[in-house]
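A.B. asks: In this note's numbering, the protein residues as written are 986 to 1102. For every residue, glycine included, the Cβ atom is placed at its ideal position computed from N, Cα and C. Please read through the structure below; I'll follow up with questions.
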Amino acid sequence: VQLQASGGGLVQAGDSLTLSCEVSDGSFRINNMGWYRQRPGDQRKLVAAVSIGGSESYVDSVKGRFFASRDNAKKILYLQMNNLKPEDTAVYYCNADPYYTWGPHSWGRGTQVTVSS
């Protein structure tokens, strides 16, 4: 499987960004999906998840600001990020939830999000 995240950039606090992740494998449609982020010096962590049926879940720090969605026909995962904060600065990745679904080497290239204060 190939996972290609895009849409990151350098923004100011309070701005919005929309990330996209294209998934090459058709099993996208039968897997829960997640957005993960890795801050400098920290481990990669799940911040948002979208189930096969479209149900969403978020960590508290992004709840109400981030919105994840999926297009099963196009095999694309989205993350709408609003009211961005400097602490959202990280490299963002997409993968299945749980992340080991497609194996330990499934992580694709992430996209850098940098939020200036």
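1. At the level of alpha carbons, what is the spacing between Glu1041 and Lys1070?
2. Tell me which residues share the same chain as Glu1007 and place their Cβ nearer than 7 Å to its Cβ, disregarding the 5 neighbours each side in the sequence.
3. Would DSSP call Thr1074 helix, strand or coil?
4. Please report how far the alpha carbon of Tyr1012 lies from the alpha carbon of Gln997, in whole angstroms.
5. Near Lys1030, what residues of its chain come up, given a Cβ to Cβ distance below 8 Å and the 5 sequence neighbours on each side ignored?
6. Nearest to Val1100 by alpha carbon, out of Thr1086, Ser1001 and Ala1058?
7. Would you identify the three-state DSSP class for Arg1029, choosing helix, strand or coil?
8. Between Asn1057, Asp1082, Val1076 and Ala1033, which lies nearest to Gly992 when the distance is taken from Cα to Cα?
9. For Tyr1085, count neighbouring Cβ atoms within 10 angstroms of its own Cβ and tell me buried if that reaches 16, exposed if not.
10. Counting along the chain, where does the beta strand (DSSP E) carrying Thr1099 start and finish?
11. Between Ser1005 and Tyr1063, what straight-line distance do the alpha-carbon atoms span, to the nearest angstrom?
C.D. replies: Result, derived from the coordinates:
1. Straight-line spacing of the CA atoms in Glu1041 and Lys1070 works out to 21 Å.
2. Once the five neighbours on either side are set aside, the close Cβ partners of Glu1007 are Gln989, Lys1060 and Ile1061.
3. Secondary structure of Thr1074 (DSSP, three-state): coil.
4. The question names Tyr, but residue 1012 is Ser in the sequence shown. As the crow flies, the alpha-carbon of Ser1012 is around 36 Å from that of Gln997.
5. Within the same chain, Lys1030 has close Cβ partners Tyr1021, Arg1022, Gln1023 and Val1044.
6. Between Val1100 and the set Thr1086, Ser1001 and Ala1058, the nearest pair of CA atoms involves Ser1001.
7. Residue state, collapsed to three classes: coil.
8. With distances taken between Cα atoms, Gly992 lies closest to Val1076.
9. When all chains shown are included, Tyr1085 counts as exposed.
10. In the DSSP assignment, Thr1099 falls within the unbroken beta strand (DSSP E) covering Thr1096 to Ser1101.
11. Using only the alpha carbons, I get a separation of about 5 Å.
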